[in-house]
Amino acid sequence: MEHSLLVWLLPTLALVVGVVVGFALARLLPNAAPSNTQRQLDDIQQRFDNYQNEVVTHFNSTASLVKKLTQSYQDVQDHLADGANRLALDELTRQRLLATLHSEAAQGPRDRLTPPKDTAEVPRDYAPKAPNSPGMLDESYGLKR
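Here it is as structure tokens:
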């Protein structure tokens, strides 16, 4: 009887010890893995936030520079208009300078120039031939007789 009790008691005790050790390891190990994963996730989130801040800063700087450029262009226009008013010798010259200055400012992008249409013959996609000579697709083309 003692032998049969030992046969049942030993595996049961090993099972209980295994469950306790497994439970203890399960509580310790998952905390380590998520901690590492969480740390990686936090690092990626931090890098993404930094990138977003850089993009916002870049576009704010670009907008500021474009605004400065526009203001500088306006200052040059004002300077030229003031110079035309002060330095032009007569009223006609002054009006022409101011008209030219304002017409270029109001003018949009220029149209592309088109080539002249005075060409008499349209380019061909084949070689020209004499009236009674064989064409390039003829079997005797290029052969000496």
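Residues 1 to 145 in UniProt numbering are what the sequence shown spells out, letter by letter.
Glycine included, each C-beta is placed from N, C-alpha and C at the ideal position.
The structure displayed is predicted, hence computed values, not measured ones.
{"query": "Euclidean distance between Cα positions of Gln-71 and Glu-91", "result": "29 Å"}
{"query": "Inter-residue Cα distance where the pair is Val-16 and Ala-24", "result": "12 Å"}
{"query": "Identity of the residue in Ser-133, Leu-98, His-58 and Asp-75 nearest Asn-85 by Cα", "result": "Leu-98"}
{"query": "Beta-carbon proximity of Gln-77 to Leu-101, cut-off 9 Å", "result": "yes"}
{"query": "C-alpha gap between Asn-60 and Lys-67, whole angstroms", "result": "11 Å"}
{"query": "Rounded separation between Leu-13 and Arg-27 - CA only", "result": "21 Å"}
{"query": "Under the three-state DSSP convention, the category Val-76 falls into", "result": "helix"}
{"query": "Between the CA atoms of Thr-37 and Val-20 - distance to the nearest angstrom", "result": "26 Å"}
{"query": "Spatial distance of Pro-11 from Gly-22 (CA atoms)", "result": "16 Å"}
{"query": "Straight-line Cα distance separating Leu-80 from Thr-57", "result": "35 Å"}
{"query": "Coarse secondary structure for Leu-137, derived from DSSP in three states", "result": "coil"}
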